[in-house]
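Student:
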Amino acid sequence: MSKFSRNLSLVSGLTALSRILGLFRDILFFSFFGSSAVAAAFILAFTLPNLFRRMLGEGTLSSAFIPVYAENLQSQGLTMANRILNQVLSRLGLLLLLLSLIVCLLSWLGWQTWLTDEKWKSGAFLNAIVFPYVLFICMSAVLVGALNTHRSFFAGAFSPIILNLSMIGSMIIGKWGLRAEGMELATSLCVGVVVGGLLQLSLPWIQLRSQKGWNWNFDLRNSEQLGKIKTLFWVGALGAAVAQVNVLVSRVLAYSLDDQGALPYLFLSARLIELPLGVFAIALSTVLFPELARSSGLADTKGFENHFARGFRLTLSVTLPAAIGLGLLAEPILSVLFQYGLFAGDDVDQAARVLMVSVIALPFYALSAFIVKAFHARKQMKPPLFAAIASFVINLVLCLSLMGEYGVMGLAWANVGAAFAQLVFLLWQLKEIPLLHYLKPRPFFVLGGVLSSLVMGIAIFFLRSSFETEDSRIGDLWTLCLLIPVGLLIHFLVLVAFGFPEAKGAASKLRLVLGKFFG
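In our numbering, the protein residues as written are 4 to 522.
#1: For the stretch 337-382, which segments carrying the beta strand (DSSP E) assignment without a break, of at least 3 residues, lie completely within its bounds, in sequence order?
#2: Quick check: the stretch 116-135 against the stretch 42-54, are at least 3 beta-carbon pairs closer than 8 Å?
#3: For the structure I just gave you, are there three or more beta carbon pairs, one from the stretch 415-431 and one from the stretch 458-475, closer than 8 Å?
#4: To the nearest angstrom, how far is the alpha carbon of Gly-407 from that of Ala-160?
#5: Would you mind sorting Thr-119 into buried or exposed? The rule is 16 or more other CB atoms within 10 Å of its CB.
#6: Per DSSP, what kind of secondary structure is Arg-476 in: helix, strand or coil?
#7: Is the closest heavy atom of the ligand PLP to the C-beta of Leu-97 under 7 Å?
#8: Would Gln-263 pass as a contact of Ser-38 if the rule is Cβ separation under 8 Å?
#9: Note down the Cα distance separating Thr-524 from Phe-27, rounded to an integer number of angstroms.
#10: Between which two residues does the alpha helix (DSSP H) holding Gln-432 run?
#11: Return the CA-CA distance between Ser-191 and Ser-456, expressed in angstroms with no decimal places.
#12: Skipping 5 residues on each side, what residues in its chain have a beta carbon closer than 8 Å to that of Phe-464?
#13: For the alpha helix (DSSP H) containing Tyr-268, list its first residue and its last residue.
#14: Please give me, in chain order, every unbroken run of the alpha helix (DSSP H) with length at least 4 that falls completely inside the stretch 116-166.
#15: So, for Pro-163: in the same chain, excluding its five sequence neighbours on each side, which residues have a beta-carbon less than 6 Å away from its beta-carbon?
#16: Check whether the Cβ atoms of Val-337 and Ala-326 sit closer than 8 Å, and answer yes or no.
#17: Determine the direct distance from the alpha carbon of Asp-479 to that of Ser-469, and round the result to whole angstroms.
#18: In or out: Phe-490 buried (at least 16 other Cβ within 10 Å) or exposed?
#19: Would you tell me roughly how many angstroms separate the C-alpha atoms of Ile-171 and Ser-103, rounded to the nearest one?
#20: How far does the alpha helix (DSSP H) with Met-384 in it extend, from its first residue to its last?
#21: Over the uninterrupted alpha helix (DSSP H) stretch that includes Glu-308, give me the two end residues.
#22: Rounding to the nearest angstrom, what Cα-Cα distance links Pro-446 and Phe-373 in this structure?
#23: Using the C-alpha atoms, what's the distance from Arg-313 back to Pro-504?
#24: If you draw a straight line from the C-alpha of Leu-401 to the C-alpha of Pro-387, how long is it?
#25: On the premise that Leu-271 lies in contact with Phe-35, defined as a C-beta separation below 8 Å, what is that separation, rounded to the nearest angstrom?
#26: Assign Ser-589 to one of three DSSP states: helix, strand, or coil.
#27: Here's the rule: buried if 16 or more other CB atoms are within 10 angstroms of the residue's CB, otherwise exposed. What is Lys-512?
#28: Tell me whether the beta-carbon of Val-358 lies closer than 8 Å to the beta-carbon of Leu-329.
#29: Determine the closest residue to Phe-501 out of Ile-232, Gly-451, Gly-413, with distance taken between C-alpha atoms.
#30: How about Asn-418 and Trp-219: do their beta carbons lie closer than 8 Å?
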């Protein structure tokens with residue numbers, strides 16, 4: 004197995020475990036809270052630190068930091084690279100500490116004095132508790148970026164597992180240990196998030212110290228390398244801020260609807276979309292981004308194009324069939340996974356309607372995220388910024404136009420339209436690869452990926468129509484156990500028929516294994 008395959012398997016495997024735990028976390032959450040006002044208040048409160056996490060930590064700052072760190076690691080050695088790391092961490096820590104104090108104070112005052120509506124007061128109270136999470140997770144993301152540059156991917160991939168375990172533990176302790184309900188249980192969950200963030204920071208901190216001899220030093224000195232990071236970061240941060248405000252606007256508008264289940268349904272759809280998005284698409288970007296940055300730094304145009312084409316076709320071939328499968332099997336998936344406790348059958352029906360629309364955006368999100376990484380690897384921060392602005396404007400206009408008549412369904416369609424527009428804009432701005440080039444048989448294999456997904460979708464549709472099961476959770480489980488493997492097999496065989504490189508490689512290895520097994 005190649006080093007790329009090993010790293011991808013490690014990241015994908017740990018990410019899959021994280022998503023499974025995240026799924027269990029969500030099952031517990033909706034079982035304990037249902038689609039209640041308290042559930043919506045926690046989701047809104049948790050959205051704000053996640054906005055800053057993606058803007059300052061895992062997204063833009065890492066994308067600005069990794070190319071400069073990698074370049075100096077190669078040219079000047081580990082000592083200089085660690086000095087840059089300390090300069091970034093020192094400034095980031097101060098900024099986030101100040102930000103956390105301000106946001107927590109404003110949220111607390113809003114809960115105590117300014118806000119009168121009970122649901123907005125609840126959101127402000129929970130946000131005052133949970134927001135410090137951003138301090139730990141953003142600093143952790145920078146340390147993970149340094150480890151990824153050293154081709155050490157364990158800490159970054161294991162980090163979400165820590166958070167999920169902490170949140171699961173806090174809900175179990177709160178519900179069954181402290182007998183908490185409603186806002187008290189949500190408060191326990193917020194504390195679990197903050198504790199999880201502290202543990203997430205500890206893991207890469209310890210690993211970087213033990214493996215690479217890094218020592219923390221508070222360093223506010225300026226340097227040429229820090230100047231490069233700042234230049235890349237502020238343009239990229241604005242783009243990431245716009246993208247995350249996009250999410251925040253959708254959730255605030257959903258929270259403002261009279262339907263108290265609107266935000267939980269929208270959030271649940273997003274969580275299910277993140278399952279394939281995180282297990283493979285984001286894992287692929289994590290592994291390929293240092294390679295793209297390294298190729299760009301060495302002016303290796305051919306290497307950069309090969310890595311980009313590989314990432315593009317793999318992302319499409321995973322997320323498109325995942326979107327079709329999630330859409331066609333929305334009701335049985337939601338029934339099997341979430342119809343427990345306070346999350347009832349009517350909630351499943353409503354959430355399924357939202358999910359069937361939301362999944363259309365999955366391949367658009369995944370491909371956009373990968374293309375943004377390609378721009379960042381080349382230190383081109385402006386195209387993702389303009390794409391994010393276009394997406395935000397379209398999303399806001401569509402949300403305001405559709406939510407009045409269609410409610411949460413209008414918000415879901417608005418998200419789809421914005422995601423599609425962002426992808427088209429990014430593809431257009433990637434001047435190195437003309438749009439028509441993607442339609443050629445090689446190296447992107449777009450036609451093969453699309454046709455194999457459509458064939459799979461048609462097969463699942465007709466099989467489900469002709470396959471009758473009892474109307475129960477057991478019947479839905481049986482449906483999923485039959486149709487998901489069949490769909491995956493059909494998709495894989497059609498990819499092999501189209502000569503898809505990774506599918507052909509997997510088929511060859513499978514034949515060798517079977518040949519040895521059967522003599």
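Think of the CB as a built atom: it goes at the ideal place given N, C-alpha and C, for glycine as much as any other residue.
Small disclaimer: the values here were computed from a predicted structure and weren't measured.
Tutor: With the structure as the only source:
#1: Secondary structure within the stretch 337-382: not one fully enclosed beta strand (DSSP E) run of 3 or more consecutive residues is present.
#2: In short, these stretches touch, since the Cβ pair count reaches three.
#3: The answer is no - the stretch 458-475 does not touch the stretch 415-431, with fewer than three Cβ pairs under 8 Å.
#4: Gly-407 and Ala-160: Cα-Cα distance of roughly 41 Å.
#5: Looking at its Cβ environment, which holds fewer than 16 other Cβ atoms inside 10 Å, Thr-119 is exposed.
#6: In this structure, Arg-476 counts as helix in the three-state DSSP scheme.
#7: The model on display carries no ligand, and the ligand PLP is accordingly not part of it.
#8: In contact: Gln-263 and Ser-38 (Cβ atoms closer than 8 Å).
#9: Given that the chain is displayed from residue 4 to residue 522, the structure contains no residue 524 and the question cannot be resolved.
#10: Counting along the chain, Gln-432 sits inside the alpha helix (DSSP H) bounded by residues 411-432.
#11: Between the alpha carbons of Ser-191 and Ser-456 lies a gap of roughly 43 Å.
#12: Answer for Phe-464: Leu-331, listed in chain order.
#13: For Tyr-268, the enclosing alpha helix (DSSP H) covers residues 265-279.
#14: As far as the stretch 116-166 is concerned, its whole alpha helix (DSSP H) runs of at least 4 residues are 121-133, 136-152.
#15: Closer than 6 Å at the Cβ level, and outside the excluded window around Pro-163, lie Ser-21.
#16: The residue you asked about is not Val; residue 337 is Leu in the sequence shown. Their beta carbons are not under 8 Å apart, which means Leu-337 does not touch Ala-326 by this criterion.
#17: Each residue's Cα considered, the two are about 14 Å apart.
#18: Reading the sequence as shown, one finds Gly at residue 490 and not Phe. The residue in question, Gly-490, is buried, as its Cβ has 16 or more Cβ neighbours within 10 Å.
#19: So the two alpha carbons sit approximately 24 Å from each other.
#20: Counting along the chain, Met-384 falls outside any alpha helix (DSSP H), and DSSP gives it neither H nor E.
#21: Start and end: 304-331.
#22: Spanning the two alpha carbons is a distance of roughly 16 Å.
#23: Going by the C-alpha atoms only, they are around 9 Å apart.
#24: About 21 Å.
#25: About 14 Å; that fails the 8 Å criterion.
#26: Because the chain spans 4 through 522 in this model, residue 589 falls outside it and cannot be assessed.
#27: Burial call: exposed.
#28: A small correction: the amino acid at residue 358 is Leu; Val does not occupy that position in the sequence shown. Yes, the Cβ-Cβ distance between Leu-358 and Leu-329 is below 8 Å.
#29: Nearest option by C-alpha distance: Gly-451.
#30: It is not a contact, given that the beta carbons lie outside the stated cut-off.
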